[in-house]
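Colleague:
Protein chains: 2
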Amino acid sequence: MVVNYPNGKQYTKPVVAKTQQNRQRKKTVFSNRGMSLEDDINDSNITYLIQERAVIHKKPTPIQIVNVDYPKRSAAVIKEAYFKQASTTDYNGVYKGFYLDFEAKETKNKQSFPLKNFHQHQITHMRQCLRHEGICFVILKFSSLNRLFLLEARHLLDFWDKQARGRKSIPLTELEKKAYEMYYSFSPRIPYLDVVDQIIEKFRM
Amino acid sequence: MVVNYPNGKQYTKPVVAKTQQNRQRKKTVFSNRGMSLEDDINDSNITYLIQERAVIHKKPTPIQIVNVDYPKRSAAVIKEAYFKQASTTDYNGVYKGFYLDFEAKETKNKQSFPLKNFHQHQITHMRQCLRHEGICFVILKFSSLNRLFLLEARHLLDFWDKQARGRKSIPLTELEKKAYEMYYSFSPRIPYLDVVDQIIEKFRM
Numbered sequence: 004m005v006v007n008y009p010n011g012k013q014y015t016k017p018v019v020a021k022t023q024q025n026r027q028r029k030k031t032v033f034s035n036r037g038m039s040l041e042d043d044i045n046d047s048n049i050t051y052l053i054q055e056r057a058v059i060h061k062k063p064t065p066i067q068i069v070n071v072d073y074p075k076r077s078a079a080v081i082k083e084a085y086f087k088q089a090s091t092t093d094y095n096g097v098y099k100g101f102y103l104d105f106e107a108k109e110t111k112n113k114q115s116f117p118l119k120n121f122h123q124h125q126i127t128h129m130r131q132c133l134r135h136e137g138i139c140f141v142i143l144k145f146s147s148l149n150r151l152f153l154l155e156a157r158h159l160l161d162f163w164d165k166q167a168r169g170r171k172s173i174p175l176t177e178l179e180k181k182a183y184e185m186y187y188s189f190s191p192r193i194p195y196l197d198v199v200d201q202i203i204e205k206f207r208m
Numbered sequence: 004m005v006v007n008y009p010n011g012k013q014y015t016k017p018v019v020a021k022t023q024q025n026r027q028r029k030k031t032v033f034s035n036r037g038m039s040l041e042d043d044i045n046d047s048n049i050t051y052l053i054q055e056r057a058v059i060h061k062k063p064t065p066i067q068i069v070n071v072d073y074p075k076r077s078a079a080v081i082k083e084a085y086f087k088q089a090s091t092t093d094y095n096g097v098y099k100g101f102y103l104d105f106e107a108k109e110t111k112n113k114q115s116f117p118l119k120n121f122h123q124h125q126i127t128h129m130r131q132c133l134r135h136e137g138i139c140f141v142i143l144k145f146s147s148l149n150r151l152f153l154l155e156a157r158h159l160l161d162f163w164d165k166q167a168r169g170r171k172s173i174p175l176t177e178l179e180k181k182a183y184e185m186y187y188s189f190s191p192r193i194p195y196l197d198v199v200d201q202i203i204e205k206f207r208m
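Taken in sequence, the protein lines are chains V and B.
Sequential numbering from 4 applies to the first sequence in my numbering.
Sequential numbering from 4 applies to the second sequence in my numbering.
(1) When you check each C-beta in the stretch 99-114 of chain B against every C-beta of chain V, which residues fall closer than 9 Å?
(2) Where does V:I53 land, buried or exposed, given buried means 16+ other C-beta within 10 angstroms?
(3) B:S47 CB to nearest chain V CB: under 9 Å?
(4) Can you give the Cα-Cα distance for V:S147 and B:R170, rounded to whole angstroms?
(5) Since V:H124 meets chain B, which of its residues come closer than 8 Å, beta carbon to beta carbon?
(6) Between V:A79, V:Q125, V:T176 and V:I138, which lies nearest to B:G100 when the distance is taken from Cα to Cα?
(7) Using three-state DSSP, classify B:A182 as helix, strand or coil.
(8) Would you identify the three-state DSSP class for B:E136, choosing helix, strand or coil?
(9) Which two residues bound the contiguous alpha helix (DSSP H) that contains V:N48?
(10) Mind checking B:E106: buried by the 16 CB within 10 Å criterion, or exposed?
(11) Looking at C-beta atoms only, is the number of pairs between the stretch 151-167 of chain V and the stretch 112-120 of chain B that lie closer than 8 Å three or more?
(12) Check the Cβ of V:Y85 against every Cβ in chain B and list those closer than 8 Å, keeping chain order.
(13) With a threshold of 9 Å between beta carbons, is B:E136 in contact with chain V?
(14) If you draw a straight line from the C-alpha of B:A182 to the C-alpha of V:P191, how long is it?
(15) I think B:I126 touches B:L178, with their Cβ atoms under 8 Å apart; what is that distance to the nearest whole Å?
(16) Starting from B:I68, follow the alpha helix (DSSP H) in both directions and report where the run begins and ends.
(17) Please report the Cβ distance between V:P65 and B:P65, rounded to the nearest whole angstrom; I am assuming they are in contact, meaning their Cβ atoms lie under 8 Å.
(18) Along the chain, where does the beta strand (DSSP E) containing V:Y195 start, and where does it finish?
(19) Going by beta carbon distance, what residues of the same chain come within less than 7 Å of V:Y51, once the five residues before and after it are set aside?
(20) Would you kindly work out how many angstroms separate the C-alpha atoms of B:Q166 and B:I173, rounded to a whole number?
(21) Taking all protein chains shown into account, do 16 or more other C-beta atoms lie within 10 angstroms of the C-beta of B:K144, making it buried, or fewer, making it exposed?
(22) Within the continuous beta strand (DSSP E) that includes V:A84, where are the two ends?
(23) Can you say whether V:M208 is buried or exposed, counting buried as having 16 or more other CB atoms within 10 angstroms of its CB?
(24) Using a Cβ cut-off of 7 Å, pull out every chain V residue sitting near B:P65, in sequence order please.
(25) What three-state label does DSSP hand B:K30 in the structure shown?
(26) Where V:I202 and V:L103 are concerned, what is the direct C-alpha to C-alpha distance, given to the nearest angstrom?
(27) Does chain B have any CB closer than 9 Å to the CB of V:E204?
(28) Confirm, please, whether the CB-CB distance from B:Y85 to V:V80 is below 9 Å.
(29) Which residue's Cα is closest to the Cα of B:M185: B:Q123, B:R150, B:H122 and B:F162?
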């Protein structure tokens, strides 16, 4: 219901207040300004390592080295190399005896998460890990909304397999139902192991 | 018991036969001629992946990229990069729900395996993984003897910690007692998961 002024003129929020409100919102939204999702996850992994809670590392980017120069008295310099296709996801490690394996992706979209962010080799790898009882998931970030989700790989694979006959993206509304929403915190920045604890609980039941 | 000739002269194996025997032995020893331990393990990992027995990958070498050239219509070329210190071991993955983590090393020594083959960061990483109930080990190859051992990380850490007040290497005789000797096979070339099965059995008891 819109409440108008007594003179019948429609109420509009004052411009100044709106700006302040925006500033307020911006403050929250950009609290981790300049930090990519990858930075936040790497930082969280270091925190978890220091806290002795888990051992999770990002895998290095695979590179095909063609030419290396060994100058005297200094480190070897790679002079020619090419990026290679990875055959796995980016992150893996051990937590409470479980094998953890995940990938992290961002989108600027606001309504849905495009499946084209994933590559066939990542999907194949997650399917293989699930078969051997690994805990696999993806961390999805809507950067424009500053919302973070952890989606178990089994759900991602469902969406992936349904692609051929339908949606090429995962609607935000579906994520709100099937994924775990996560909130930035101080240490670790992305407390994803708290969600993994819930997944392990289900696993044990 | 040595059986002498009827004339009392001591029996010595005929020279020709000995050479043949050596050739025979050589045939076996160099059956995987030209293959490094790394090649053999990578090949074994592919076999295990195809057999759907486990998902184990070698981590790419970590590299610090400084300069990349993007020529038109072709792949990006890395023009300047440096090798970075790894923070983990080389191999990890999932098997029967367990987190597996290992390193592979070769020596030309015949009596013992020098501990200087290991780096502090690898030792630290193995200690961390053990704390979180990962299955950690090293695959050791005596290339001159063509003998292969799988040694659990807990034993390696023992030898490592005793270094300060003694041996800087692990005697072969100790490995014969504490490690699992492995033999080259056809597919996989190094059947290390058979040893892991034995470790898991102990783990469960």
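All residues carry an ideal CB built from backbone N, CA and C; glycine is no exception.
Since we're looking at a predicted model, the values are computed, not measured.
Modeller: For this structure:
(1) K99, G100, F101, Y102, L103 and D104
(2) For the purposes of this step, residue 53 of chain V is identified with residue 50 of the first sequence, where counting begins at 1. By the neighbour-count rule (16 or more Cβ atoms within 10 Å), V:I53 is not buried but exposed.
(3) By 1-based counting over the second sequence, the position of residue 47 of chain B is 44. The C-beta of B:S47 comes no closer than 9 Å to any C-beta of chain V.
(4) Taking the first residue of the first sequence as position 1, residue 147 of chain V is located at position 144. Taking the first residue of the second sequence as position 1, residue 170 of chain B is located at position 167. Going from the Cα of V:S147 to the Cα of B:R170 covers about 59 Å.
(5) Translated into positions along the first sequence, residue 124 of chain V becomes position 121. Per Cβ cutoff of 8 Å: no residues; V:H124 is ~11 Å from chain B at best.
(6) Within the second sequence, the letter at position 97 stands for residue 100 of chain B. Minimum Cα distance to B:G100 is reached at V:I138.
(7) Taking the first residue of the second sequence as position 1, residue 182 of chain B is located at position 179. If DSSP states are grouped into helix, strand and coil, B:A182 belongs with coil.
(8) The sequence position of residue 136 of chain B within the second sequence is 133, counting from 1. Three-state result, B:E136: coil.
(9) Working through the first sequence from its first residue, we reach residue 48 of chain V at position 45. Note, V:N48: alpha helix (DSSP H), L40 to I53.
(10) Your numbering for residue 106 of chain B matches position 103 in the second sequence. The residue is buried, with at least 16 neighbouring Cβ atoms inside 10 Å.
(11) no
(12) In the first sequence, residue 85 of chain V corresponds to position 82, counting from 1. What V:Y85 touches in chain B: A78, A79, V80 and I81.
(13) Locating residue 136 of chain B in the second sequence gives position 133, where the first residue counts as 1. For B:E136, the answer is yes, since a Cβ of chain V falls inside 9 Å of its Cβ.
(14) In the second sequence, residue 182 of chain B corresponds to position 179, counting from 1. In the first sequence, residue 191 of chain V corresponds to position 188, counting from 1. Using only the alpha carbons, I get a separation of about 39 Å.
(15) Translated into positions along the second sequence, residue 126 of chain B becomes position 123. Translated into positions along the second sequence, residue 178 of chain B becomes position 175. At roughly 18 Å, the Cβ-Cβ gap does not stay under 8 Å, so B:I126 and B:L178 are not in contact.
(16) For the purposes of this step, residue 68 of chain B is taken as the residue at position 65 of the second sequence. First-last for B:I68: I66 to D72, but that is the beta strand (DSSP E), not the alpha helix (DSSP H).
(17) Within the first sequence, residue 65 of chain V is the residue found at index 62, counting from 1. Within the second sequence, residue 65 of chain B is the residue found at index 62, counting from 1. Rounded, the Cβ-Cβ distance is 10 Å, inconsistent with contact.
(18) Counting from one through the first sequence, the residue named residue 195 of chain V turns up at place 192. For V:Y195, no beta strand (DSSP E) run applies; the uninterrupted alpha helix (DSSP H) run containing it begins and ends at Y195 to R207, by DSSP.
(19) Indexing the first sequence from 1 puts residue 51 of chain V at position 48. Excluding sequence neighbours, V:Y51 sits near A57, I59, P191 and L196.
(20) For the purposes of this step, residue 166 of chain B is taken as the residue at position 163 of the second sequence. For the purposes of this step, residue 173 of chain B is taken as the residue at position 170 of the second sequence. B:Q166 and B:I173: Cα-Cα distance of roughly 10 Å.
(21) Here residue 144 of chain B corresponds to residue number 141 of the second sequence, with the count starting at 1. The residue is buried, with at least 16 neighbouring Cβ atoms inside 10 Å.
(22) Your numbering for residue 84 of chain V matches position 81 in the first sequence. Looking at the DSSP string, the run of the beta strand (DSSP E) that includes V:A84 is V80 to F86.
(23) Counting from 1 along the first sequence, the entry for residue 208 of chain V is found at position 205. With fewer than 16 other Cβ atoms within 10 Å, it is exposed.
(24) Position 62 of the second sequence, counted from the start, is the residue given in the question as residue 65 of chain B. Residues of chain V passing the Cβ test: P63.
(25) The sequence position of residue 30 of chain B within the second sequence is 27, counting from 1. A caution first: B:K30 carries a pLDDT of 42, below 50, which makes its placement in the model too unreliable to give a value.
(26) Stepping through the first sequence from its first residue, residue 202 of chain V is reached at position 199. Stepping through the first sequence from its first residue, residue 103 of chain V is reached at position 100. Approximately 11 Å between the Cα atoms of the pair.
(27) Along the first sequence, read from residue 1 onward, the residue named residue 204 of chain V stands at position 201. So no, V:E204 is outside the interface.
(28) Your numbering for residue 80 of chain V matches position 77 in the first sequence. Your numbering for residue 85 of chain B matches position 82 in the second sequence. Yes, the pair counts as a contact, with Cβ atoms nearer than the cut-off.
(29) Here residue 185 of chain B corresponds to residue number 182 of the second sequence, with the count starting at 1. Comparing Cα-Cα distances from B:M185 to each of B:Q123, B:R150, B:H122 and B:F162, the minimum goes to B:R150.
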